[in-house]
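One structure below.
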Amino acid sequence: MAEIDTKSLPENAYLPLQPGESYPPIVPASARLPELTTRSIGWGVLLCVIFTVAAAYSGLKVGQVMESAIPISILAIGLARLYPRRSSLLENVIITGIGGVAGSVVAGAVFTVPALYILKLNPHPVETIFICLAGACLGILFLIPLRRYFVRDMHGLLPYPEATAIAEVLVTGEKGGSQAKLLLQATLIAGVYDLFVTTFQVWKEFVDFQFVPLFRTLSDRARMVFSFDAIGFILGLGYVMGLRSSLILCAGGVLSNFVLVPLIWFIGSHLDRAVYPATIPISHMTAVQIYRGYVRFVGVGAIATAGIFGIVRSLRIVAGSFGIALRVFRKSAAAASERTDHDLPMVTTFLGVVLGAIGVAMLLGHLAASWSVVAIGLALTLLFSFFFTSVAANAIATTARNPVSGMTMLTIIISSAVLLRFGLSGTTGMFFVMAIAGMVCTALSVSGQSITDLKTGYWLGSTPSAQEKVKFLGVVAAAIAVGLTIVMLARTFQFGEAVPGDLRPVLASPQASIMKALVEGFMSHQPIAYLLFGAGAMIAVIMEMLGQPALIFALGMYLPLELNTPALVGGFLSHYLSKRSEKTGGEAGKTIRERGVIIASGLMAGGALGGVLGAAFRLIPGYREDLIKTPFYDNPAGSQMVSALFFVALCLYVWFGSVKKASTSINETK
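Just add 831 to wherever you are in the sequence shown, counting from 1, and you've got my numbering.
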């Protein structure tokens, strides 16, 4: 068999396919490279457990679950060189896919399970593990019928920022030479940059220009606050997203922060009492508090409605998947599809969902006496898990941001409203609703990570069924690891806020604290802010009527503005470098495009590694942010200007790093 070139992606890897055109992966469907080996599975599971334990602690302590897939893809390249037979590209995909499960399972767990401890409901370790395991398995099973739609049929139409970074890391590792050096250089720069700015007090991470009188006046009088997270990871993310997606994302943020927040302030600034769902008067609220108390719920409604539109559009593909399953069951020619298009058999997927449903019913039956309530709880779990799988896949494919907390909040609100009508309330109702929320949260988190893994495999030529099989190994390892970690931490720490008389140190668990407050409020028969959700739904409908991607806009409404604005800068960089590439033309123009994507991928990889190292520093006893502190850090004007200048320097690095080789080549030909 001829040697396979695994050192370059095809030219149409990131472009929409023309009618009749197909995408040829790096490893052809006819090739048989080592893929599911003891080496790839063993390292994948080990790294999954290690990153799960670390991510669980960091998520509970600082509310941020560290990214695992990109750092593990870099580790996979290094591990490949430890063996006499260098690991194949497909083995590295498997290592990354299994290990990457860590962050997604942890996100589902730490956003919900600690709320049970804060509520003094003290779940059994088996219950904790099962909540994570059941949700993760449902997320994978419900994603399988959607794979062809999101991965194959939408090829070139969705940017897949995180999958792009992982694919570029793995392919560049195969290339070696100058391309690998460029990737390592960008990774090192972003890693050091993001580590210091997010872990120590060297300069301000967030730029809001509140030291400028005009900006301060807008904040005080209209609650209009501009914010910007000046780190390399989001710059690289915006570059890979492209200008159109980043513009729509930022437009959603503009509507939330510069229209809805000031509007609510204008209407309510003279009120001296709280307006539900907020707990303090609007006149006493900052822009951030107005956003969290009101506008975020509008964003959740928009995301949910946009998700419905996405599900409707993908129904044809889901129906086609079941059609394929029927043909396979009848032993027709459908069984002879190419290796790179093999999913787990639909019959197996269906049986998996049935077994998962039985397990969920047993857990819920253990919590409540009424089987009618158990049936309602099971239906809600399956419905939300399937529905949010599509939402998560679309969100990750577009912006690499999964609205986990928003969708979990929506699950809690609707589940509470429904179950209250069936007489379920009090502590039993809280445990019941949080168990549903934990499974749904884990399902949508894992499905978002899985679509990234499957898209990476599609570009590189992996076998989808192999990737799907090992995902279950990863979720078993991660569920057990995170379940036991939370149980151990619960015995050593307090989650949420300190309780009088309890001398144990506190882990803030910010997301779980929000979920706890939410379920506690609804199980105490508080009203539901239907109007805010409905307003968000109407915004999503308007976007669909205008022919614009409603989910991207809705995500922009929901995500903090500081995450949208630097992505827009990356989008503009991508746009103008593409124009430069087209103007240059030929091999030099192609080089500009390649180097731009490699540098952006390096910024994302370095930012993720910086986050992992930052979390590791926080685990060290005696760690303080001011261990490294510059003299100007406490000066808002000086610190923010330094931050802005360094971010501009990062942008210049992306630009000149992309055009450098092309300029050299042009000069050499003169």
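Note that beta-carbon positions come from the ideal geometry of N, C-alpha and C, so glycine has one too. These numbers were taken from a predicted model, which means no experiment stands behind them.
According to DSSP, is residue i helix, strand or coil?
{"i": "A1133", "result": "helix"}
{"i": "F1326", "result": "strand"}
{"i": "K951", "result": "coil"}
{"i": "K1460", "result": "strand"}
{"i": "K1162", "result": "Confidence in K1162 is poor, its pLDDT being 45 and thus under 50, which makes the residue's placement unreliable; the coordinate value appears in the next sentence. Coil, per DSSP."}
{"i": "V858", "result": "coil"}
{"i": "F1253", "result": "coil"}
{"i": "A1017", "result": "helix"}
{"i": "A1167", "result": "Low per-residue confidence applies at A1167: pLDDT is 45, beneath 50, and the placement is therefore not dependable, though the value from the model is reported in the following sentence. Residue state, collapsed to three classes: helix."}
{"i": "F1059", "result": "strand"}
{"i": "P1112", "result": "strand"}
{"i": "A1368", "result": "helix"}
{"i": "Q849", "result": "coil"}
{"i": "Q1298", "result": "helix"}
{"i": "V1038", "result": "strand"}
{"i": "Q1032", "result": "strand"}
{"i": "A1105", "result": "strand"}
{"i": "N1466", "result": "coil"}
{"i": "N843", "result": "coil"}
{"i": "S1100", "result": "coil"}
{"i": "N923", "result": "helix"}
{"i": "Y991", "result": "coil"}
Measuring alpha carbon to alpha carbon, tell me which residue in the options is nearest residue i.
{"i": "D1465", "options": "Q1032, G1437 and L1349", "result": "Q1032"}
{"i": "G1365", "options": "G1469, L1014, I1134 and G909", "result": "I1134"}
{"i": "L1211", "options": "A1266, R1232 and H1173", "result": "A1266"}
{"i": "L864", "options": "L1291, F1046 and F1324", "result": "L1291"}
{"i": "G1269", "options": "L1194, P1295, R1455 and V1204", "result": "L1194"}
{"i": "A1343", "options": "C968, N923, R916 and V941", "result": "V941"}
{"i": "M1354", "options": "K1410, A1480, T927 and S1246", "result": "S1246"}
{"i": "A1468", "options": "E1036, Y1070, P856 and Q849", "result": "E1036"}
{"i": "H1101", "options": "V1235, I1113, L1091 and F1064", "result": "I1113"}
{"i": "G851", "options": "L1045, S1293, D984 and K951", "result": "D984"}
{"i": "V936", "options": "S1474, F1303 and T1415", "result": "F1303"}
{"i": "F1218", "options": "T1242, R1455 and I1207", "result": "T1242"}
{"i": "V1400", "options": "Q1379, F1478, L1015 and H955", "result": "F1478"}
{"i": "I1317", "options": "F981, T943 and G1416", "result": "T943"}
{"i": "L1476", "options": "D1060, L989 and N923", "result": "D1060"}
{"i": "S1293", "options": "P954, V982 and Y1125", "result": "V982"}
{"i": "R1054", "options": "V1071, L1377, L1074 and S1087", "result": "S1087"}
Taking a contact to mean a Cβ-Cβ separation below 8 angstroms, would you say residue i touches residue j in this structure?
{"i": "V1002", "j": "L921", "result": "no"}
{"i": "G966", "j": "T1396", "result": "no"}
{"i": "L1408", "j": "G1427", "result": "yes"}
{"i": "L1430", "j": "G1352", "result": "Sequence inspection shows Ile at residue 1430; the Leu mentioned does not correspond to that position. No."}
{"i": "M1374", "j": "A1381", "result": "yes"}
{"i": "L878", "j": "G930", "result": "yes"}
{"i": "Y948", "j": "A1348", "result": "no"}
{"i": "S1432", "j": "V1000", "result": "yes"}
{"i": "S1216", "j": "L969", "result": "yes"}
{"i": "L1068", "j": "A1231", "result": "yes"}
{"i": "S861", "j": "F882", "result": "no"}
{"i": "S871", "j": "I908", "result": "no"}
{"i": "M1319", "j": "A946", "result": "no"}
{"i": "I905", "j": "A1480", "result": "no"}
{"i": "L1094", "j": "G1402", "result": "no"}
{"i": "G1445", "j": "L1026", "result": "yes"}
{"i": "L1434", "j": "W1486", "result": "no"}
Drop a sphere of 10 angstroms on the beta-carbon of residue i, count the other beta-carbons inside from all chains shown, and report buried for 16 or more, exposed for fewer.
{"i": "E1393", "result": "buried"}
{"i": "E842", "result": "exposed"}
{"i": "L1275", "result": "buried"}
{"i": "T1258", "result": "exposed"}
{"i": "L1182", "result": "exposed"}
{"i": "P902", "result": "buried"}
{"i": "V1490", "result": "buried"}
{"i": "G1314", "result": "buried"}
{"i": "L784", "result": "Residue coverage of the chain in this structure runs from 832 to 1501, which leaves residue 784 outside it and unanswerable."}
{"i": "E866", "result": "buried"}
Under a CB-based cut-off of 8 angstroms, is residue i close to chain B?
{"i": "S1276", "result": "Reference to chain B is not applicable here, since this structure consists of a single protein chain."}
Checklist entry - Is the stretch 1189-1200 touching the stretch 1032-1041 in the sense that three or more CB pairs, one from each, lie closer than 8 angstroms? => result no
Checklist entry - With a cut-off of 8 angstroms, do at least 3 Cβ pairs link the stretch 1224-1239 to the stretch 985-1000? => result yes
Item to check | Meets three-Cβ-pair contact criterion under 8 angstroms: the stretch 1207-1223 and the stretch 1272-1286 | outcome: yes
Checklist entry - Does the stretch 1021-1031 come close enough to the stretch 1100-1114 to have 3 or more Cβ pairs within less than 8 angstroms? => result no
Next on the checklist: With three or more beta-carbon pairs closer than 8 angstroms as the criterion, would you say the stretch 950-959 touches the stretch 1302-1319?
Outcome noted: yes
Checklist entry - Are at least three pairs of beta-carbons, each pair with one atom in the stretch 1251-1262 and one in the stretch 1168-1176, less than 8 angstroms apart? => result no
Checklist entry - Quick one: any contact between the stretch 1014-1027 and the stretch 1434-1441, if contact means 3 or more CB pairs under 8 angstroms? => result yes
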